[in-house]
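Peer 1: Here you go, one structure.
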Amino acid sequence: MAWDFETDPEFQQELNWIDAFVREEVEPLDHVIEHPYDLQDETRNALIKPLQQQVRDRKLWACHLGANLGGPGYGQVKLALMNEILGRSGCAPIVFGCQAPDSGNGEILAHYGTAEQKERFLKPLLENEIVSCFSMTEPQGGADPKVFKTRAELEGDEWVINGEKWFSSNASFASFLIVMAVTEPDETPYRRMSMFVVPSDTPGINILRNVSMRDGKEGTHAYIRYEDVRVPKDAILGGRGQAFEVAQTRLGGGRIHHAMRTMAQVKMSFDMMCERVLSRETQGERLADKQMVQEKIADSWIEIEQYRLLLLRTAWLIDKHQDYMMVRKDIAAVKVAMPQILLNVAGRALTLHGALGVSTEMPFAHQVVDAFFLGLGDGPTEVHKITLAKQILRGYEATDDLFPTRHLLKEQERARKKFGALVGPTDDEI
Ligand SMILES: Cc1cc2nc3c(=O)[nH]c(=O)nc-3n(C[C@H](O)[C@H](O)[C@H](O)COP(=O)(O)OP(=O)(O)OC[C@H]3O[C@@H](n4cnc5c(N)ncnc54)[C@H](O)[C@@H]3O)c2cc1C
23 MAWDFETDPE FQQELNWIDA FVREEVEPLD HVIEHPYDLQ DETRNALIKP
73 LQQQVRDRKL WACHLGANLG GPGYGQVKLA LMNEILGRSG CAPIVFGCQA
123 PDSGNGEILA HYGTAEQKER FLKPLLENEI VSCFSMTEPQ GGADPKVFKT
173 RAELEGDEWV INGEKWFSSN ASFASFLIVM AVTEPDETPY RRMSMFVVPS
223 DTPGINILRN VSMRDGKEGT HAYIRYEDVR VPKDAILGGR GQAFEVAQTR
273 LGGGRIHHAM RTMAQVKMSF DMMCERVLSR ETQGERLADK QMVQEKIADS
323 WIEIEQYRLL LLRTAWLIDK HQDYMMVRKD IAAVKVAMPQ ILLNVAGRAL
373 TLHGALGVST EMPFAHQVVD AFFLGLGDGP TEVHKITLAK QILRGYEATD
423 DLFPTRHLLK EQERARKKFG ALVGPTDDEI
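Dropping the structure here:
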């Protein structure tokens, strides 16, 4: 029997250190640093770099990476346990060198990059000397990449990229962008596109605007027009027509890492909800003594435990198979569950905090909106449900009989065949 739901004591010590470090040193940064990805911000560098060094010294830097890429290679289960702490703070992932989208972009550079691409882009990315952007979604559609129109055409020794991309997060801070473009228009839908590594100082990359998700906060999701952007022939990442395969390598990890960090947000709002209901009185008793409040606490706890088990089991499967495609179904399930759990728990916490809960003085309203962004980013919930159902149904077969295999009459007949001599004839047979 190999089922085990315990963290080994040695790693638990590391988690305890991370917990205290994030609470004391990292969470306060969220209130003084505008954009943790803005490497031009001197205040950001002065505050974040010494903390990154502490993490390196502790051998907890870039824990999503294997030893071959400079990480400790702890695997996804340990990363999940870390991320359910790091996800509490916007700055923590970057302090620990495992922030999106750089972690996913690093992963595909490691898988598909040439030696030169690794030296020029991957190495500094892993050290957080630079940050990156993944530029795939287009204004006319994100959920279906088959409608993408951005073209890359080979002219002599150069690819020339033209088109528009939408919600390219962190493009303004990035040193390079990974861009998906049509290179083989006559191929079958999933072989039409290739992936490119494009340095952000290449002429023709025009950011039309940065879209924001928060009132009054500067946006970071770029609407980009690529106009005659020229990159060398070898700027392609992977082979021609291989963009979907490259994207899947990246998105599998990206989705599960978001889900791990979401666990931290969910846990935080649950803790706040519990504190509140024990502290607040109405109509002569604590909120915690009211049964409809107790139901909210109980439902939240059950949903959190269910989600956490699904998440950790999926992380365990990734460690076991070392192949995201083999765990596609499970990752899709986690991706679908992630926005719902945040919406449910943050929504209840918001309600139980009353007017304070809806205000900008508490995090719940943001978390509720974040739940919708989590349901969209890396593909909408509906699409992942389709993937999940298709994968599940591959494990089943149709029957060509008019009645289902487990039709009660068939079951009874089977039982009679097996035990007929012992149970005697049926009423009809007498
Ligand atoms: C915060 C945030 C950050 C992002 N960062 C990036 C980034 O860095 N790089 C990047 O390339 N993209 C990024 N995106 C874009 C994201 O990947 C897309 O928003 C997503 O793929 C959905 O595309 P869309 O917004 O065009 O929605 P659409 O494709 O227009 O879909 C809209 C809605 O239609 C429904 N729908 C779509 N398809 C189906 C279907 N098959 N069946 C049933 N219903 C369906 C769903 O309800 C879906 O939400 C980001 C998005 C967000 C919100």
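In my numbering, the protein residues as written are 23 to 452. Glycine included, each C-beta is placed from N, C-alpha and C at the ideal position.
#1: If you drop the 5 nearest sequence neighbours on each side, which residues of the same chain put their C-beta closer than 7 Å to that of Leu-396?
#2: Check the DSSP bridge columns for Tyr-248 and list the partner residues they point to.
#3: Is Leu-73 closer than 7 Å to Val-117 when the C-beta atoms are compared?
#4: Could you compute how far the alpha carbon of Glu-46 sits from the alpha carbon of His-53?
#5: Give a yes or no on whether the C-beta atoms belonging to Gly-93 and Cys-85 are separated by under 7 Å.
#6: Could you tell me if the beta carbon of Phe-266 falls within a distance shorter than 6 Å of some heavy atom in ligand 1?
#7: Should Asn-90 go down as buried or exposed, given a rule of 16 or more other Cβ atoms within 10 Å for buried?
#8: On the DSSP letters alone, give me the boundaries of the beta strand (DSSP E) that Ala-203 sits inside.
#9: In the DSSP output, which residue or residues are listed as bridge partners for Pro-258?
#10: Determine the extent of the alpha helix (DSSP H) in which Cys-296 is found, giving its start and end residues.
#11: Work out the CA separation of Ile-152 and Asn-192 for me, nearest whole Å.
#12: Pick out the complete alpha helix (DSSP H) segments inside the region 118-154, 4 residues or longer, and give them in chain order.
#13: Mind checking whether the beta-carbon of Thr-382 lies closer than 6 Å to any heavy atom of ligand 1?
#14: Taking a contact to mean a Cβ-Cβ separation below 7 Å, would you say Ser-154 touches Asn-127 in this structure?
#15: What is the DSSP secondary structure of Phe-156, reduced to helix, strand or coil?
#16: Find the nearest neighbour of Thr-242 within the set Glu-249, Ile-183, Asp-250, Asn-232, judged by alpha-carbon distance.
#17: Quick one: grab the DSSP three-state call for Glu-433.
#18: Distance, Cα to Cα, Gly-442 vs Ala-411?
#19: Let me check one thing: in DSSP terms, what residues is Arg-236 bridge-paired to?
#20: Around the Cβ of Met-202, are there at least 16 other Cβ atoms within 10 angstroms (buried) or fewer (exposed)?
#21: Taking 6 Å as the cut-off, is the CB of Val-153 close to at least one heavy atom of ligand 1?
#22: How about Ser-191: is its Cβ closer than 6 Å to a heavy atom in ligand 1?
Peer 2: To lay it out plainly:
#1: Spatial neighbours of Leu-396 in its own chain (CB-CB distance under 7 Å, excluding positions within 5 residues in sequence) are listed in chain order as His-280, Thr-284, Met-360, Pro-361, Leu-364.
#2: Gly-185, Ile-227
#3: yes
#4: 13 Å
#5: yes
#6: no
#7: So Asn-90 counts as exposed.
#8: Per DSSP, Ala-203 belongs to the beta strand (DSSP E) from 198-204.
#9: The sequence as given places Ile at residue 258; Pro does not occur at that position. Ile-258 pairs with Phe-218.
#10: 265-301 is the extent of the alpha helix (DSSP H) around Cys-296.
#11: 12 Å
#12: 124-134, 145-148
#13: no
#14: yes
#15: strand
#16: The shortest Cα separation from Thr-242 among Glu-249, Ile-183, Asp-250, Asn-232 belongs to Asn-232.
#17: helix
#18: 40 Å
#19: DSSP output for Arg-236 lists no bridge partner at all.
#20: That one is buried.
#21: no
#22: Yes, the Cβ of Ser-191 comes within 6 Å of a heavy atom of ligand 1.
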